[in-house]
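Each residue of the sequence shown is one higher than the one before, counting from 1 in the UniProt record's numbering. Glycine included, C-beta positions come from ideal geometry on N, C-alpha and C. Small disclaimer: the values here were computed from a predicted structure and weren't measured. Take a look at the structure below.
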Amino acid sequence: MAFEFNVPDMSCGHCVSAITQAVQQAAPGAQVTADLSSKRVSVQGAPSMEPVRAAIVDAGYEVQIIK
C-alpha cells in the first residue's frame, strides 16, 4: 500500500534521513520518498499506516495524514 503524510517540521536533510530510517525500521522493505519543499513523505510497501505514522511521531515529528 501507499501512504502520504505532511510533516510540517521536516526542514533539512537530517530530518529526511531520520524519518526514512524510522519508517524503514517500522516497515522493513518500505520505500520512502521525502520532498522537503512540500514537506511531504510518501511511503510505499508498508502493510498498514499506523506503524508508519507512529514511527515518524516517535522520531520527533508532527504528522498529518494526507492519504
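Chain-order list of residues whose beta-carbon lies under 6 Å from that of residue i (same chain, five-residue window excluded)
| i | result |
| --- | --- |
| residue 9 | 61, 62 |
| residue 16 | 34 |
| residue 49 | 3 |
Buried versus exposed, by CB contacts within 10 Å (16 or more), residue i
| i | result |
| --- | --- |
| residue 66 | exposed |
Close Cβ partners of residue i (< 7 Å) along its chain, the five nearest in sequence each way excluded
| i | result |
| --- | --- |
| residue 59 | 18, 19, 22 |
| residue 39 | 6, 7, 8, 10 |
| residue 57 | 63 |
Nearest-angstrom Cβ-Cβ length linking residue i and residue j, presumed shorter than 8 Å
| i | j | result |
| --- | --- | --- |
| residue 41 | residue 34 | 5 Å |
CA nearest to the CA of residue i, picked from the options
| i | options | result |
| --- | --- | --- |
| residue 44 | 6, 12, 24, 14 | 24 |
| residue 13 | 50, 36, 54 | 36 |
Neighbourhood of residue i by C-beta distance below 8 Å, restricted to the same chain and skipping five residues each side
| i | result |
| --- | --- |
| residue 26 | 46, 51, 52, 54, 55 |
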